Amino acid sequence: MNGLARIWLLGCLILPGLAWGEAPVAIPALSAQVTDLTATLAVDQIASLETSLAKIEQDKGAQVAILLLPTTQPETIEQFGIRLAEAWKLGRWRVNDGVIVIVAKDDHRARIEVGRALEGAIPDVVAKRIVAETLAPRLKADDYAGGLQATVAALATAIGGEALPPPAAQQAAGAAEDNKFAFLFLALIFGAVLRSLLGLVGALLAAVVAGWLAWSIFASWLAALIAAAITLLFSYARGGGRGWSAGGSGGSFGGGFSGSTGGGGFSGGGGEFGGGGASGNW
Amino acid sequence: MRIRVFALLLAVVALLSGCGYNQIQINDEAVNAAWSEVLNQYKRRADLIPNLVAVVQGYAAHEKEVLTKVTEARASVAGLKATPELVNDEAAFAKFQKAQAELGGALARLLVVSENYPQLKADANFRDLQAQLEGTENRIAVARNRYIKAVQDYNVSVRTFPNSLTAMAMSWKTKANFTVEDEKAISAPPTIKFDAPAAK
Chain A
40 MNGLARIWLL GCLILPGLAW GEAPVAIPAL SAQVTDLTAT LAVDQIASLE TSLAKIEQDK
100 GAQVAILLLP TTQPETIEQF GIRLAEAWKL GRWRVNDGVI VIVAKDDHRA RIEVGRALEG
160 AIPDVVAKRI VAETLAPRLK ADDYAGGLQA TVAALATAIG GEALPPPAAQ QAAGAAEDNK
220 FAFLFLALIF GAVLRSLLGL VGALLAAVVA GWLAWSIFAS WLAALIAAAI TLLFSYARGG
280 GRGWSAGGSG GSFGGGFSGS TGGGGFSGGG GEFGGGGASG NW
Chain B
463 MRIRVFALLL AVVALLSGCG YNQIQINDEA VNAAWSEVLN QYKRRADLIP NLVAVVQGYA
523 AHEKEVLTKV TEARASVAGL KATPELVNDE AAFAKFQKAQ AELGGALARL LVVSENYPQL
583 KADANFRDLQ AQLEGTENRI AVARNRYIKA VQDYNVSVRT FPNSLTAMAM SWKTKANFTV
643 EDEKAISAPP TIKFDAPAAK
């Protein structure tokens with residue numbers, strides 16, 4: 040026990056030391072699709088890139104962003120890339136369809152970081168080819184805007200071939216339905232509570248509420264009857280208190296649903312990255 | 463009666479989460495998920511090797527030593543049982559890590575040697591495999607980092623005060639993590655031999 044305690048205390052001393060040993064490059068704030076920390080691109084070039092990137096999101100829902108920065112030292116571009124991806128959370132929550140193009144100008148190194156859902160549409164081999172054959176030659180010729188524009192076009196083609204869930208505008212209706220489903224589930228649980236408080240009247244009340252909810256979701260009397268019957272059965276079932284343990288803390292879904300680009304702002308939707316993609320020099 | 467049972471249940475749930483029971487369960491599951499991802503990516507790397515060896519053999523058949531090393535290292539990795547239970551067994555975990563590190567080293571040497579063969583480097587098949595291998599190595603690095611963080615969270619939740627009593631009562635132990643020597647071996651550059659045969 041003594042030895043264990045000592046190791047733990049040692050860990051307390053070492054961990055902050057490791058974190059502060061070498062200050063890595065700070066993650067820039069995400070406010071637009073194109074972030075240029077090197078002042079390489081002209082305003083109209085940024086605008087035209089952003090138009091192309093916004094179009095990908097409108098068409099497919101996938102979020103693609105570009106970052107130009109001087110250097111990623113002391114980290115490699117891969118280490119910086121995954122840190123950036125974890126901070127920006129590009130791509131929709133649970134869909135994970137984000138892509139980041141990183142150009143480290145002074146390092147002469149570029150990387151395409153690919154979100155989990157797009158690892159099929161943009162496998163490492165394709166990402167490598169885009170970096171080596173589309174991006175790198177143009178960067179070598181100092182044509183940053185052209186290289187990035189061609190890269191975006193190549194990414195758009197690759198993403199276009201993938202079957203992704205439809206973009207946010209078409210999904211708004213779905214979210215409301217989800218809320219009603221949650222209410223239906225609540226009605227099921229409160230049925231048991233109501234029945235223990237009010238007896239048969241409570242159970243019937245819950246059944247009627249569940250039936251009405253089901254009717255408004257499915258627009259079908261059959262579904263309403265089934266929901267009402269299930270609620271009635273559930274509230275009369277012995278040990279109706281089961282299912283309460285499901286209320287554990289829901290984890291950290293910090294991403295939120297701010298995936299849309301409406302109103303000029305741009306923020307990640309909560310997508311995850313697993314280190315997919317490829318890097319290259321020029 | 464029903465209400466009393468319900469109240470008792472509520473009290474038990476509240477007490478258990480007070481002792482960190484739920485928190486430890488959540489962290490334990492996070493460690494399992496992170497470990498599965500690590501295994502998944504190691505498997506992905508192992509699956510790439512036969513093709514890679516075949517392509518390199520086509521151009522550099524006389525690099526027997528390097529090729530044999532890779533094949534042997536892969537065989538020794540495949541021989542180990544990579545189960546989720548590995549994280550609870552320090553010795554087996556260390557052995558698994560050693561085998562994977564050896565495979566990583568052998569692969570790095572193979573890629574260094576292949577630099578000597580312009581025709582091999584120009585082969586489209588080889589370039590694709592190399593891109594896949596690079597991507598997989600990066601995924602392994604990411605998965606390992608996430609595993610390290612998950613184990614850190616778990617170990618902290620098992621060791622900090624009220625939870626440590628729960629952990630003791632259930633005899634849950636801390637989980638194995640990647641060791642420092644291991645990290646050192648990986649960050650060390652592979653040795654390059656300059657007496658290697660000249661390029662064709």
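Line order of the protein sequences matches chains A and B. For reference, each letter of the first sequence is one residue, going 40 to 321 in this note's numbering. For reference, each letter of the second sequence is one residue, going 463 to 662 in this note's numbering. Backbone N, C-alpha and C fix where the C-beta goes; we use that ideal spot for every residue, glycine too. Bear in mind the structure is a predicted one, so any value in this text is a computation, not a measurement.
Exercise. For A/D75, does the three-state DSSP call read helix, strand or coil?
Worked result: In the three-state DSSP reduction, A/D75 falls in the strand class (E or B).
Exercise. Under three-state DSSP, which class holds A/S288?
Worked result: Bear in mind that a pLDDT of 36 at A/S288, under 50, signals an unreliable position, so the number given afterwards is only what the model happens to contain. In the structure shown, A/S288 sits in coil (DSSP, three-state: anything other than H, G, I, E or B).
Exercise. Would the beta-carbon of A/A262 fall within 8 Å of that of A/A246?
Worked result: Taking a C-beta distance under 8 Å as the contact criterion, A/A262 and A/A246 do not qualify as a contact pair.
Problem set entry | Short Cβ contact (8 Å threshold) for A/L157 with A/A101 | Cβ atoms of A/L157 and A/A101: closer than 8 Å.
Exercise. CB A/I198 to CB A/I95, shorter than 8 Å?
Worked result: In this structure, A/I198 places its C-beta atom within 8 Å of the C-beta atom of A/I95.
For this session: Could you tell me if B/K637 is buried or exposed, where buried requires 16 or more neighbouring beta carbons within 10 angstroms of its beta carbon?
Result: Label assigned to B/K637: buried.
For this session: Would you kindly work out how many angstroms separate the C-alpha atoms of B/L591 and A/L264, rounded to a whole number?
Result: If I take the Cα positions, the gap works out to 58 Å.
For this session: Just mark A/L239 as buried or exposed, buried being the case when its beta carbon has 16 or more other beta carbons within 10 Å.
Result: By the 16-neighbour rule on beta-carbons within 10 angstroms, A/L239 is exposed.
Problem set entry | A/E96: first and last residue of the uninterrupted alpha helix (DSSP H) it sits in | From DSSP, the alpha helix (DSSP H) with A/E96 extends over V82 to K99.
Problem set entry | Minimum Cβ-Cβ distance from B/R601 to chain A less than 8 Å | Nearest CB-CB separation between B/R601 and chain A: below the 8 Å threshold.
Exercise. Under a Cβ-count criterion, where at least 16 other Cβ atoms within 10 Å of its own Cβ denotes burial, should A/W260 be classed as buried or exposed?
Worked result: Label assigned to A/W260: exposed.
Problem set entry | A/I105 vs A/L187 beta-carbon contact at 8 Å | In contact: A/I105 and A/L187 (Cβ atoms closer than 8 Å).
Exercise. Buried or exposed: where does A/L252 fall if 16 or more other Cβ atoms within 10 Å of its Cβ makes it buried?
Worked result: A/L252 counts as buried, since at least 16 other C-beta atoms from the protein chains shown sit within 10 angstroms of its C-beta.
Exercise. If we ignore side chains and look at the alpha-carbon of each, how far apart do A/P113 and A/F119 end up?
Worked result: Each residue's alpha carbon lies about 9 Å from the other.
For this session: With a 10 Å radius around its C-beta and 16 neighbouring C-beta atoms as the bar for buried, classify A/P162 as buried or exposed.
Result: Burial of A/P162 is indicated by the presence of at least 16 other C-beta atoms within 10 angstroms of its C-beta.
Problem set entry | Rounded separation between B/A522 and B/G482 - CA only | Each residue's alpha carbon lies about 58 Å from the other.
For this session: Count the other CB atoms, across all protein chains shown, that sit within 10 Å of the CB of B/A516; report buried if there are 16 or more and exposed otherwise.
Result: B/A516 comes out exposed.
Exercise. Which residue comes first and which comes last in the alpha helix (DSSP H) that contains B/Q559?
Worked result: E552 to S576 is the span of the alpha helix (DSSP H), which, as asked, contains B/Q559.
Exercise. How do the segment 574 to 589 of chain B and the segment 603 to 618 of chain B stand: do at least 3 beta-carbon pairs fall below 8 Å, yes or no?
Worked result: The segment 603 to 618 of chain B and the segment 574 to 589 of chain B do not touch, with fewer than three beta-carbon pairs separated by less than 8 Å.
Exercise. Just the Cα atoms here: how many angstroms apart are B/E525 and B/E564?
Worked result: Using only the alpha carbons, I get a separation of about 18 Å.
Exercise. Within 7 Å: the Cβ of A/D182 and any heavy atom of the ligand MG?
Worked result: The ligand content of the structure shown is nil, which means the ligand MG is not present either.
For this session: Identify, in the order they occur along the chain, each residue of the same chain with its Cβ nearer than 8 Å to the Cβ of A/T79, setting aside the five sequence neighbours on each side.
Result: Answer for A/T79: L107, K144 and Y183, listed in chain order.
For this session: Assign A/L237 to one of three DSSP states: helix, strand, or coil.
Result: Residue state, collapsed to three classes: helix.
Exercise. According to the neighbour-count rule (16 or more other Cβ atoms, all chains shown, within 10 Å of its Cβ), is B/S619 buried or exposed?
Worked result: Here B/S619 is buried: its Cβ has 16 or more other Cβ atoms, across all protein chains shown, within 10 Å.
Problem set entry | Any 3 or more C-beta pairs closer than 8 Å across the segment 489 to 499 of chain B and the segment 564 to 574 of chain B | No: the two stretches stay apart, fewer than three of their Cβ pairs being nearer than 8 Å.
Exercise. Cα separation between B/T533 and B/I511?
Worked result: Their Cα atoms are separated by approximately 8 Å.
For this session: Under 7 Å Cβ to Cβ from A/T190, same chain only, skipping five residues before and after it: list those, please.
Result: V140, I169, T173 and L174, listed in sequence order.
For this session: Closer than 7 Å, Cβ to Cβ, to anything on chain A: give me those residues from the segment 579 to 598 of chain B, in chain order.
Result: Those would be D590, A593, Q594, E596 and G597, in chain order.
Exercise. In this structure, what does DSSP give as the bridge partners for A/L107?
Worked result: Assignment of beta-bridge partners to A/L107 by DSSP yields A/D75 and A/V142.
For this session: Pull up the CB-CB distance for A/G310 and A/V134, whole angstroms please, since I reckon it's below 8 Å.
Result: Contact holds; Cβ gap of about 7 Å.
Problem set entry | Within chain A, the residues that B/V604 reaches when beta carbons sit closer than 7 Å | For the C-beta of B/V604, the chain A residues within less than 7 Å are, from N- to C-terminus, I121, G313 and G314.
Exercise. Of the choices A/S255, A/Q97, A/P67 and A/Q84, whose alpha-carbon is the least far from that of A/E125?
Worked result: The shortest C-alpha separation from A/E125 is found at A/P67.
Problem set entry | 8 Å contact criterion, which B/L542 and B/K531 should meet: CB distance rounded | That belief does not hold up - the Cβ atoms of B/L542 and B/K531 are roughly 17 Å apart, past 8 Å.
Exercise. Is the Cβ of B/L470 closer than 8 Å to any Cβ of chain A?
Worked result: Taking Cβ atoms only, chain A never reaches closer than 8 Å to B/L470, which makes this a no.
Problem set entry | Contact set for A/E89: own chain, Cβ-Cβ below 8 Å, skip 5 residues either direction | Excluding the 5 residues flanking it on each side, A/E89 has same chain C-beta neighbours closer than 8 Å at A71, Q72 and V73, in chain order.
Exercise. Going straight from the alpha carbon of A/I151 to that of B/A508, what length do you get?
Worked result: Between the alpha carbons of A/I151 and B/A508 lies a gap of roughly 24 Å.
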